[in-house]
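Chemist: Residue numbers (my numbering), protein chains in the order written: chain Z, 1141 to 1372; chain W, 1141 to 1372. Backbone N, C-alpha and C define an ideal beta-carbon position, used for all residues, glycine too. This one's a predicted model, so the numbers in the text were calculated from it and none came from an experiment.
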DNA sequence: AGGAATTGTTGACACGCCGCCAACAGGGCG
DNA sequence: CGCCCTGTTGGCGGCGTGTCAACAATTCCT
């Protein structure tokens, strides 16, 4: 355990060093609350002078922002090839995919969703919101409603809200163990079907037409359409 | 704006002083993230020496704990008298009640749910969990499933998860304005009905019996029963 | 190869915040 | 009035954070 097992002062390329520090920060912030992690801790973990953290990330809060961004971005690898079938089939596949991803990245995912953010910081909220947006889009293409334009804003809002249910339900499974995977699957499938088959049509239907129906009062016949779009 | 508009050093009873400081802390922590609020700020806001905060609350984190407790407790005033009718009627009334409460305490409620907690602190998580528990119980009695014992743990878990949906949906309404009240009402009513009428029966049904069905394999006939229990 | 230029990296300084504690003073009691 | 009880204060020591000039590991040039 001599001092210079690795030369005590090695020069790395900016990206490499930045990435190394960020990785350590992710580990620490994922295990302890914001205020309990000092930049000194991060520096020690990375075997680096504390000042270097400020050099690369500016302030502690900016570092935390990067950490949150990484945490919420990792799980969203990409929407795998999704089967073409009727709505029920696609919803089922989507939920299965979600549960796979969530259980695979279990630890980091739990850390991410639990890290709602140190109180409510505007920037953190922005990052989280963007992540929700991406997640909602994934669900839309997976279910085959990506090209719907009728009440798109409301539809997306409902899907975002559904994301809240998915998160809470998955936590009941992975964190509490109060539900098993099959039960979670059943719950998420049934509720998503309800939203898409009942709630959304009702919103776009007669009630919606009386409120602001301008672009089109067409029924939601597009629900059966499977989007051929892939995700970046 | 003279210094001694109020005698600069007034003696209050412990409860009064504690309450005053706590109120100021709630206001400040409700407006800015944890790390951005110093005990000095709270002290200045309360017109009090900083040391007094430590005297009453011990540490800054303990003060924050109290703040979170207040925030999540305020909205849960009590479950009003709920009408006895069929399931759909009671669900409808419950959702209406929820939306009333949420829109009434709008600001404090938003602050509370957004304040997920500074990262993930164990104690903060405990307070939040207890609040979820209480909320879930409220829903159970309101819907008339308070006395169900069959798969009680799973049922409660599903209701807790539904709380995540309710929160997210209400935020889409109050914070984003992406949904209006009627749409939120529709969504929450339909999903809760789905969970109670479809998901829960399916869980307690044949699939459940094969897993651990011991106490009773009886169907969910208790769903129609209205609980006569009131809440504290 | 040797020296200069480049730039990743360090250590220390100043400032602010937090927890603690001895001293101070408001208000009731004999 | 003077005493005691206790709410309240102010300052001390320690720690965490942001900044900056100096340092040294590589690279490039001659």
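(1) How would you list, in chain order, the residues of chain W whose beta-carbon sits under 8 angstroms from the beta-carbon of residue 1335 of chain Z?
(2) Please identify the residue among Z:1179, Z:1188 and Z:1159 whose C-alpha is closest to the C-alpha of residue 1200 of chain Z.
(3) Per the contact definition of three or more C-beta pairs closer than 8 angstroms, is the region 1263 to 1270 of chain W in contact with the region 1324 to 1336 of chain W?
(4) Below 6 angstroms CB to CB, which residues in the same chain sit around residue 1334 of chain W once its five sequence neighbours on both sides are set aside?
(5) May I ask you to list, following chain order, the residues of the region 1275 to 1301 of chain W that have a beta carbon less than 8 angstroms from some beta carbon of chain Z?
(6) For residue 1387 of chain W, decide whether its Cβ has a neighbour in chain Z, counting only Cβ atoms nearer than 8 angstroms.
(7) Helix, strand or coil for residue 1224 of chain Z? Go by DSSP, reduced to three states.
(8) From the beta carbon of residue 1260 of chain W, is the nearest beta carbon of chain Z less than 8 angstroms away?
(9) What does the alpha-carbon distance come out to for the pair residue 1276 of chain Z and residue 1301 of chain Z?
(10) If you measure beta-carbon to beta-carbon, which residues of the region 1142 to 1176 of chain Z are closer than 8 angstroms to chain W?
(11) Expressed to the nearest angstrom, what Euclidean distance is found between the alpha-carbon atoms of residue 1239 of chain Z and residue 1172 of chain W?
(12) Any idea if residue 1261 of chain W is buried or exposed, counting beta-carbon neighbours within 10 angstroms, 16 or more meaning buried?
(13) At a CB-CB cut-off below 8 angstroms, which residues of chain Z make contact with residue 1303 of chain W?
(14) Using a cut-off of 7 angstroms between C-beta atoms, extract the partners of residue 1209 of chain W located in chain Z.
(15) Under 8 angstroms between beta-carbons, which chain Z residues line up against residue 1316 of chain W? List them in chain order, please.
(16) Can you round the beta-carbon distance between residue 1170 of chain W and residue 1233 of chain W to whole angstroms, since I take them to be within the 8 angstroms contact cut?
(17) Step through the CB atoms of chain Z and report whether any lies within less than 8 angstroms of the CB of residue 1339 of chain W.
(18) Tell me, please, whether the CB atom of residue 1312 of chain W is closer than 8 angstroms to any CB atom in chain Z?
(19) Considering Cα atoms alone, identify which of Z:1294, Z:1186, Z:1175 and Z:1281 is closest to residue 1321 of chain W.
(20) At a cut-off of 7 angstroms, would you count residue 1152 of chain W as near the ligand FAD, judging by its Cβ distance to the nearest heavy atom?
(21) Taking 8 angstroms as the CB-CB cut-off, is residue 1350 of chain Z touching chain W?
(22) Could you check which residue in Z:1164, Z:1152 and Z:1338 has the C-alpha nearest to that of residue 1204 of chain Z?
(23) Kindly give me the distance between the Cβ atoms of residue 1242 of chain Z and residue 1210 of chain Z, rounded to whole angstroms, as I take these residues to be in contact under 8 angstroms.
(24) Mind listing the chain W neighbours of residue 1342 of chain Z? Cutoff is C-beta to C-beta under 7 angstroms, in chain order.
(25) Measure the beta-carbon distance from residue 1308 of chain W to residue 1304 of chain Z and round it to whole angstroms, keeping in mind my assumption that it falls under 8 angstroms.
(26) Figure out for me which residue from W:1228, W:1154 and W:1181 has the closest Cα to the Cα of residue 1195 of chain W.
(27) Whole angstroms are fine: how far does the CA of residue 1150 of chain Z sit from the CA of residue 1229 of chain Z?
(28) Specify the secondary structure class of residue 1150 of chain Z as computed by DSSP and reduced to three states.
(29) At the 8 angstroms Cβ level, is residue 1239 of chain W part of the contact set with chain Z, yes or no?
(30) With a Cβ-Cβ cutoff of 8 angstroms, do residue 1227 of chain Z and residue 1336 of chain Z count as a contact?
(31) With DSSP collapsed to three states, give me the class of residue 1240 of chain Z.
Modeler: Short version:
(1) What residue 1335 of chain Z touches in chain W: 1327, 1330 and 1331.
(2) The shortest C-alpha separation from residue 1200 of chain Z is found at Z:1179.
(3) Too few Cβ pairs lie closer than 8 angstroms, so no.
(4) No residues qualify anywhere along the chain.
(5) Taking 8 angstroms as the Cβ-Cβ cut-off against chain Z, the residues of the region 1275 to 1301 of chain W that qualify are 1293, 1294, 1296, 1297, 1298, 1300 and 1301.
(6) Outside the modelled stretch of chain W, which goes from 1141 to 1372, sits residue 1387 of chain W, for which no answer is possible.
(7) Under the three-state reduction of DSSP output, residue 1224 of chain Z falls in the coil class, being neither helix nor strand.
(8) Interface residue, yes.
(9) Cα to Cα, residue 1276 of chain Z sits roughly 9 angstroms from residue 1301 of chain Z.
(10) Cβ contacts with chain W: 1169, 1172, 1173, 1174, 1175 and 1176.
(11) Taking the CA atoms as reference points, residue 1239 of chain Z sits about 34 angstroms from residue 1172 of chain W.
(12) When all chains shown are included, residue 1261 of chain W counts as buried.
(13) Chain-order list of chain Z residues neighbouring residue 1303 of chain W: 1308, by C-beta distance under 8 angstroms.
(14) Residue 1209 of chain W does not reach chain Z, its nearest Cβ partner there being about 15 angstroms away, counting only Cβ pairs nearer than 7 angstroms.
(15) At a C-beta separation below 8 angstroms, residue 1316 of chain W has these neighbours in chain Z: 1297.
(16) For residue 1170 of chain W against residue 1233 of chain W, the beta-carbon gap comes to about 30 angstroms, at or over 8 angstroms, which does not count as contact.
(17) Under the 8 angstroms criterion on CB atoms, residue 1339 of chain W is classed as interfacial with respect to chain Z.
(18) Yes, contact with chain Z.
(19) Nearest C-alpha to residue 1321 of chain W: Z:1294.
(20) In terms of ligand content, the structure shown is empty, and the ligand FAD therefore cannot be addressed.
(21) Annotation note: pLDDT 46 at residue 1350 of chain Z (below 50); position unreliable, coordinate value reported separately. At a cut-off of 8 angstroms between C-beta atoms, residue 1350 of chain Z does not count as an interface residue with respect to chain W.
(22) In terms of CA proximity to residue 1204 of chain Z, Z:1164 leads the group Z:1164, Z:1152 and Z:1338.
(23) Between the beta-carbon of residue 1242 of chain Z and that of residue 1210 of chain Z there is about 17 angstroms, and that puts the pair past the 8 angstroms contact cut.
(24) Within chain W, the C-beta atoms nearer than 7 angstroms to that of residue 1342 of chain Z come from 1326, in chain order.
(25) The pair is a contact, with the Cβ atoms about 3 angstroms apart (cut-off 8 angstroms).
(26) Considering only W:1228, W:1154 and W:1181, the residue with the shortest C-alpha distance to residue 1195 of chain W is W:1154.
(27) Going by the C-alpha atoms only, they are around 54 angstroms apart.
(28) Residue 1150 of chain Z falls in the coil class under three-state DSSP.
(29) Residue 1239 of chain W does not count as touching chain Z.
(30) Yes, these two residues count as a Cβ contact at 8 angstroms.
(31) In this structure, residue 1240 of chain Z counts as helix in the three-state DSSP scheme.
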